[in-house]
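*Asks:*
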Amino acid sequence: MKINIPEGAKKILDKLSSAGYEAYVVGGCVRDSLLGDVPHDWDITTNALPLQVKELFRRTVDTGLQHGTVTVMIGDEGYEITTYRTDGQYTDGRHPDKVTFVPNLEEDLKRRDFTINAMAYNDVDGLVDLFGGTEDLKNGIIRCVGRAEDRFSEDALRMMRAIRFAARFGFRMDDDVRNSISGLSGTLSKVSAERITSEFIGLLTSDHPEMIRDMYETGLTAVFFPEFDRAMETPQNHPHHCYSVGEHLIESVRVSKNDRIVRLTMILHDIGKPATLKTDEDGITHFHGHPKVSAEMAEEIMRRWKLDNDTIRRVCRLVRYHDHANEACTMSLARRAVSVLEDDVELFLEVKRADVLAQSTYMRDEKLKLIDDYRAAYEEIINNKQCCSLKELAIGGLELKELGVSPGPDMGRILKELLETVIEDPEKNDRDELLKLAKQMMG
26 MKINIPEGAK
36 KILDKLSSAG
46 YEAYVVGGCV
56 RDSLLGDVPH
66 DWDITTNALP
76 LQVKELFRRT
86 VDTGLQHGTV
96 TVMIGDEGYE
106 ITTYRTDGQY
116 TDGRHPDKVT
126 FVPNLEEDLK
136 RRDFTINAMA
146 YNDVDGLVDL
156 FGGTEDLKNG
166 IIRCVGRAED
176 RFSEDALRMM
186 RAIRFAARFG
196 FRMDDDVRNS
206 ISGLSGTLSK
216 VSAERITSEF
226 IGLLTSDHPE
236 MIRDMYETGL
246 TAVFFPEFDR
256 AMETPQNHPH
266 HCYSVGEHLI
276 ESVRVSKNDR
286 IVRLTMILHD
296 IGKPATLKTD
306 EDGITHFHGH
316 PKVSAEMAEE
326 IMRRWKLDND
336 TIRRVCRLVR
346 YHDHANEACT
356 MSLARRAVSV
366 LEDDVELFLE
376 VKRADVLAQS
386 TYMRDEKLKL
396 IDDYRAAYEE
406 IINNKQCCSL
416 KELAIGGLEL
426 KELGVSPGPD
436 MGRILKELLE
446 TVIEDPEKND
456 RDELLKLAKQ
466 MMG
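Going by our numbering, the first residue of the sequence shown is number 26, and it counts up by one from there.
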């Protein structure tokens with residue numbers, strides 16, 4: 026079949042070919058094109074050496090000369106061009122100790138991770154598929170180039186990538202891949218937290234996030250997310266639940282909106298349940314105080330994963346309050362929730378919905394109706410511009426200072442009390458009314 030190569034990449038291929046070199050688009054762009062997807066990046070492989078590439082093109086960036094990679098700029102687009110190479114020993118399980126440039130495309134393709142990523146193409150030679158990548162795409166299989174044990178021993182992150190690709194495309198891993206991951210899962214500890222987290226979030230935000238179960242079954246989560254393993258082993262014997270804690274987390278991620286913050290929240294929202302487990306005399310399990318414990322654990326876990334502070338703050342807040350809004354909706358309760366959740370009210374509703382759908386069917390209709398009630402209340406609050414935060418109060422620190430209140434704890438206390446008053450009765454968010462109340466609070 027013919028692959029539609031973008032103009033910039035085509036110019037590079039033509040120029041390399043005109044200079045007497047071989048050149049192909051390679052890897053993910055070929056895979057995605059065969060699947061009918063639009064590739065994000067077009068990588069090129071060639072037998073031209075890096076300095077020979079630099080001589081041919083006016084605008085280049087030395088992306089990784091020691092590994093044979095030069096980025097060529099065509100307009101505003103950058104295209105990575107890598108010389109055919111083989112990799113030496115991976116003594117650290119992450120990077121080759123050295124690379125050797127080779128003149129042969131086959132030797133270059135042999136070093137790649139999966140068959141579906143080891144295909145090359147140009148308009149003259151067509152598709153170069155030496156390891157059955159097209160057949161594996163057709164059959165929906167993740168299979169390594171050569172022995173899976175060899176590929177995973179070279180770079181342990183490939184084990185995460187195998188499951189992430191399976192989740193992205195809805196494929197299955199062949200037995201060699203799965204068995205090798207199970208045997209080598211402990212070597213993932215050699216990989217940096219940043220690289221692991223990138224792959225894990227790629228899995229969570231795929232169409233099949235439930236494949237975190239495969240990471241558990243093959244021993245990968247034991248390395249980077251042992252709290253999840255404990256959750257998988259914690260039962261929930263309660264009318265509201267039909268899964269273990271871990272299976273509930275998996276199902277809640279599966280049914281949730283594909284949003285990075287929501288899915289991180291779902292995989293962490295009950296992570297504190299094993300630590301709070303109590304079983305009563307009837308054998309019913311209870312997890313009193315688990316939202317607070319889960320939020321504390323979530324912060325520790327996400328810091329270990331090297332996530333950014335804004336993500337940690339938002340996810341921890343959603344985890345901390347995920348069990349709120351379980352009582353009959355009132356406008357006062359809804360305003361209080363808006364005050365706490367700030368701009369993440371919509372995500373909170375998504376979290377509530379996913380949590381309910383991952384529970385038993387006991388009282389499900391009533392729970393979903395309650396969520397709808399809160400959604401309607403939030404919309405009314407927003408549409409009527411009701412005050413739910415200090416910045417929306419009709420007066421602030423400046424007005425209190427003019428009344429003689431010094432900046433500090435007293436001013437903070439008065440502002441907080443004024444906000445509480447307005448949350449209970451939005452009509453009181455009036456400058457004169459609040460000034461009068463503030464004078465009373467000063468006394």
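Ideal Cβ placement from N, Cα and C applies to all residues, glycine included.
1. Between the region 361-379 and the region 405-425, do three or more beta carbon pairs fall short of 8 Å?
2. Going by the CB atoms, is the gap between T125 and S178 shorter than 9 Å?
3. Just verifying my parser: in three-state terms, what is the DSSP assignment at E102?
4. Put A247 into one of helix, strand or coil per three-state DSSP.
5. Which complete beta strand (DSSP E) runs does the region 43-69 hold, if anything under 3 residues is left out?
6. Looking at R339 and L374, is the spacing between their C-beta atoms short of 9 Å?
7. Can you give me the Cβ contacts of S14 inside the same chain, cut-off strictly under 7 Å, excluding the 5 residues immediately before and after it?
8. Which one of V363, I28, H315 has the shortest CA to CA distance from D150?
9. Closest to N454 by CA distance: which of M467, K410, P432 is it?
10. Taking I167 as the reference, give the member of R176, T159, A191, D154 with the closest Cα.
11. Buried or exposed: where does P64 fall if 16 or more other Cβ atoms within 10 Å of its Cβ makes it buried?
12. Taking the straight line between their C-alpha atoms, what separation do you get for L425 and E449?
13. For D68, I'd like the list of residues in its chain whose CB is within less than 6 Å of its CB, leaving aside the five on either flank, ordered along the chain.
14. For A350, which beta-bridge partners are listed by DSSP?
15. Going by the DSSP bridge assignment, what does D154 pair with across the sheet?
16. Applying the 10 Å Cβ sphere with the 16-neighbour rule, what's the burial state of R279?
17. Here's the rule I'm using: 16 or more other beta-carbon atoms within 10 Å means buried, otherwise exposed. How should V86 be labelled?
18. Beta-carbon within less than 8 Å of K317's beta-carbon, same chain only, minus the 5 sequence neighbours each way: which residues are those?
19. For I167, write down the residues that DSSP places opposite it in a beta bridge.
20. Who are the Cβ neighbours of M436 in its own chain at under 8 Å, not counting the five residues just before and after it?
*Replies:* On the basis of the coordinates in this document:
1. The region 361-379, when compared against the region 405-425, does touch it at the 8 Å Cβ threshold.
2. No, they are not a contact pair.
3. In this structure, E102 counts as strand in the three-state DSSP scheme.
4. If DSSP states are grouped into helix, strand and coil, A247 belongs with the helices.
5. With a minimum length of 3 residues, the continuous beta strand (DSSP E) runs that stay inside the region 43-69 are 48-51.
6. No.
7. With the chain represented from 26 up to 468, any question about residue 14 goes unanswered, as that position is not in the structure.
8. In terms of Cα proximity to D150, the closest of V363, I28, H315 is I28.
9. The candidate whose alpha carbon is nearest that of N454 is K410.
10. Nearest to I167 by C-alpha distance, out of R176, T159, A191, D154, is A191.
11. Burial is judged here by how many other beta carbons sit within 10 angstroms of a residue's own beta carbon; P64 has at least 16 and is buried.
12. For L425 and E449, the distance between alpha carbons rounds to 21 Å.
13. Once the five neighbours on either side are set aside, the close Cβ partners of D68 are V51, G52, E105.
14. For A350, which the question treats as bridged, DSSP gives no partner whatsoever.
15. BP columns for D154 point to M144.
16. Buried.
17. Residue environment analysis places V86 among the exposed positions, since fewer than 16 neighbouring C-beta atoms fall within 10 angstroms of its C-beta.
18. G297, R345, listed in sequence order.
19. Here I167 is bridged, per DSSP, to M198.
20. Cβ neighbours of M436 within its own chain (closer than 8 Å, five residues either side excluded): G422, L425, K426, V430.
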